[in-house]
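J.: Input: one structure, supplied below.
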Amino acid sequence: MNFKKTILGAALIVLAAVLLGLAAHFPLVQKFLKGEFRGSLLSSDRYPGITLIGLAEAEELFVRGSALFIDSRPKQKFSAGHILNAVSIPLEENKKKLQSPLTVPLERTIIVYCDGGDCQESLALAKVLYIQGYKNIRVFTGGWAEWAGTGHPTAKNHDPQ
Amino acid sequence: MIRNKYFLLAFRLIVGVVFFASGLLKIGDPLAFAQDIKNFRIVSHEVSFMTALILPWIEILCGALLITGILRRPSAFLVSCLLAGFIILVGVTMARGIDADCGCFGTLSHRADWRLLVQDVLLLFFSLNILFAGSASRKYSA
Numbered sequence: 001m002n003f004k005k006t007i008l009g010a011a012l013i014v015l016a017a018v019l020l021g022l023a024a025h026f027p028l029v030q031k032f033l034k035g036e037f038r039g040s041l042l043s044s045d046r047y048p049g050i051t052l053i054g055l056a057e058a059e060e061l062f063v064r065g066s067a068l069f070i071d072s073r074p075k076q077k078f079s080a081g082h083i084l085n086a087v088s089i090p091l092e093e094n095k096k097k098l099q100s101p102l103t104v105p106l107e108r109t110i111i112v113y114c115d116g117g118d119c120q121e122s123l124a125l126a127k128v129l130y131i132q133g134y135k136n137i138r139v140f141t142g143g144w145a146e147w148a149g150t151g152h153p154t155a156k157n158h159d160p161q
Numbered sequence: 162m163i164r165n166k167y168f169l170l171a172f173r174l175i176v177g178v179v180f181f182a183s184g185l186l187k188i189g190d191p192l193a194f195a196q197d198i199k200n201f202r203i204v205s206h207e208v209s210f211m212t213a214l215i216l217p218w219i220e221i222l223c224g225a226l227l228i229t230g231i232l233r234r235p236s237a238f239l240v241s242c243l244l245a246g247f248i249i250l251v252g253v254t255m256a257r258g259i260d261a262d263c264g265c266f267g268t269l270s271h272r273a274d275w276r277l278l279v280q281d282v283l284l285l286f287f288s289l290n291i292l293f294a295g296s297a298s299r300k301y302s303a
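If you're matching them up, the sequences are chains X and A in order. Position 33, counted from 1, in the first sequence is what my numbering calls 33; the numbers after and before it change by one each time, with no gaps. Whatever position you read off the second sequence (first residue = 1), add 161 for my numbering.
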């Protein structure tokens with residue numbers, strides 16, 4: 001086997017793939033360079049009803065009481081501790097469902113969270129809920145870690161739904 | 162290593178079709194694929210994005226080349242490298258207890274678990290056979 005030829009051929013294939021990938025998704029690359037996907041890999045064109053929020057906005061919506069907090073973590077983590085009055089909808093149990101387990105109106109503001117840090121369940125669940133019809137969804141990026149770590153109201157083993 | 166020309170042809174077609182289909186299913190929604198890569202929690206946000214743009218094209222090109230028999234060894238080499246990487250990635254993900262979709266077939270993806278490991282090991286076996294097939298098999302290859 002001519003190893004040098006093999007490597008050269010493989011490099012050519014990779015180069016062609018790089019050129020094709022950049023050319024085919026040029027608008028996305030432009031948006032990325034402008035910083036659109038730095039916060040999350042979420043296309044505002046595709047999911048216009050989903051926005052990312054920080055602790056301050058989550059706190060404001062909590063105090064106002066109009067939004068529903070949804071915990072996307074597994075049930076065990078929810079039972080061990082969650083944002084006060086939050087509802088447990090584990091991502092794993094709901095991502096294949098076409099109908100939402102929620103009974104609240106579709107126009108209600110929903111705040112989805114997970115552990116915080118680099119957890120991805122909240123964003124994935126937000127997309128599922130968006131497809132299920134909810135169009136006013138916020139993803140609290142700080143998640144449980146930031147909420148509990150800053151002494152905000154929490155509860156254990158409680159699910160109002 | 163298997164030298165039978167019919168087996169080698171079957172291996173090429175199987176690996177080629179799997180990779181071609183896998184790339185094609187991911188190409189339409191690079192952001193969703195980037196999110197799948199990010200869910201493994203191994204590479205950065207930026208690397209996830211760039212990988213999602215390029216990897217499906219590598220799969221499509223390698224798949225097409227394996228099916229047609231053009232640049233057979235370079236594409237088998239790349240596919241083997243990718244499969245070895247996927248096996249390590251899935252193994253590490255399982256060891257860390259992360260529950261993630263593999264992202265391998267776009268919306269048709271399934272969970273990164275031992276079944277995926279078996280599937281990848283089998284495909285790696287096929288691609289290594291294509292890569293190390295002797296020159297004698299070349300004249301018979303379709």
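Beta carbons are placed, not taken as given, at the ideal position from N, Cα and C, and that holds for glycine. In this text the structure is predicted, and so the values were computed from the model without any measurement.
1. Is the beta carbon of Ile175 of chain A closer than 8 Å to that of Asn290 of chain A?
2. Over the uninterrupted alpha helix (DSSP H) stretch that includes Tyr130 of chain X, give me the two end residues.
3. What number of angstroms, rounded off, separates the C-alpha of Ala213 of chain A from the C-alpha of Glu207 of chain A?
4. Does any residue of chain A have a CB that is nearer than 8 Å to the CB of Ile13 of chain X?
5. Spatial neighbours of Val204 of chain A within its chain, please: C-beta separation below 8 Å, excluding the five flanking residues on both sides.
6. Between which two residues does the beta strand (DSSP E) containing Leu68 of chain X stretch?
7. Below 8 Å, how does it come out for the stretch 238-253 of chain A and the stretch 187-194 of chain A: are there three or more Cβ pairs, yes or no?
8. Is the Cβ of Asp159 of chain X closer than 8 Å to any Cβ of chain A?
9. By Cβ distance, which residues of its chain are closer than 6 Å to Cys223 of chain A, with the 5 residues on each side in sequence left out?
10. Are the stretch 251-263 of chain A and the stretch 26-39 of chain X touching by the rule of at least three beta carbon pairs closer than 8 Å?
11. Give me the subset of the stretch 113-135 of chain X whose CB atoms are less than 8 Å from a CB atom of chain A, sorted by chain position.
12. According to the neighbour-count rule (16 or more other Cβ atoms, all chains shown, within 10 Å of its Cβ), is Leu106 of chain X buried or exposed?
13. Among the residues of its own chain, which have a CB less than 8 Å from the CB of Asn127 of chain A, if the five just before and after it don't count?
14. Hey, how far is the Cα of Gly133 of chain X from the Cα of Glu59 of chain X?
15. Do you know how far the Cα of Tyr47 of chain X is from the Cα of Val279 of chain A?
16. In the structure shown, what three-state DSSP assignment does Tyr47 of chain X receive?
17. Verify the CB distance criterion: does Asn200 of chain A have a CB-CB separation below 8 Å to chain X?
18. Taking DSSP as the reference, what is the three-state secondary structure of His25 of chain X?
19. Quick one, which residues of the stretch 207-229 of chain A are near chain X if we go by CB-CB under 9 Å, in chain order?
20. Using the beta-carbon count (16 or more within 10 Å), is Phe3 of chain X buried or exposed?
21. Using the DSSP secondary-structure output, state which residues sit across from Ser288 of chain A in a beta bridge.
22. Counting only beta-carbon separations shorter than 8 Å, does Asp18 of chain X have a partner in chain A?
23. Looking only at its own chain, which residues have a Cβ that is under 6 Å from the Cβ of Val139 of chain X, when we skip the five neighbours before and after it?
24. Consider the Cβ of Arg234 of chain A: report whether some Cβ of chain X lies at a distance smaller than 8 Å.
25. If you draw a straight line from the C-alpha of Gly230 of chain A to the C-alpha of Arg276 of chain A, how long is it?
26. Could you tell me how far apart the beta carbons of Gly177 of chain A and Ile228 of chain A are, in whole angstroms, since I believe they sit closer than 8 Å?
27. Over what stretch of residues does the beta strand (DSSP E) that includes Tyr113 of chain X continue unbroken?
28. Just the Cα atoms here: how many angstroms apart are Leu186 of chain A and Leu283 of chain A?
29. How about Gly54 of chain X and Gly151 of chain X: are their beta carbons less than 8 Å apart?
30. In terms of DSSP beta bridges, what is Ile137 of chain X paired with?
T.: Answer, in terms of the structure:
1. no
2. 121-131
3. 10 Å
4. yes
5. Ile198, Thr212
6. 68-71
7. no
8. For Asp159 of chain X, the pLDDT reaches just 47, beneath the cut-off of 50, and the residue's location in the model is therefore unreliable, although a value from the coordinates is still provided. No, its Cβ sits nowhere closer than 8 Å to a Cβ of chain A.
9. Phe180, Ser236, Leu239, Val240
10. no
11. Within the stretch 113-135 of chain X, the residues whose Cβ lies closer than 8 Å to some Cβ of chain A are Asp118, Gln120, Leu123, Ala124, listed in chain order.
12. exposed
13. Residue 127 of chain A is absent from the model: chain A starts at 162 and stops at 303.
14. 25 Å
15. 35 Å
16. Coil, per DSSP.
17. yes
18. coil
19. Glu207, Ser209, Phe210, Met211, Ala213, Leu214, Ile215, Leu216, Pro217, Trp218, Ile219, Glu220, Ile221, Leu222, Cys223, Leu226
20. exposed
21. None, per the DSSP bridge assignment.
22. According to the sequence displayed, residue 18 of chain X carries Val and not Asp. Chain A contact via Cβ: present.
23. Leu52, Val112, Ser122, Leu123, Ala126
24. Chain X contact via Cβ: present.
25. 29 Å
26. Right, their Cβ atoms sit about 4 Å apart.
27. 110-113
28. 21 Å
29. No. Outside cutoff.
30. X:Ile50, X:Ile110
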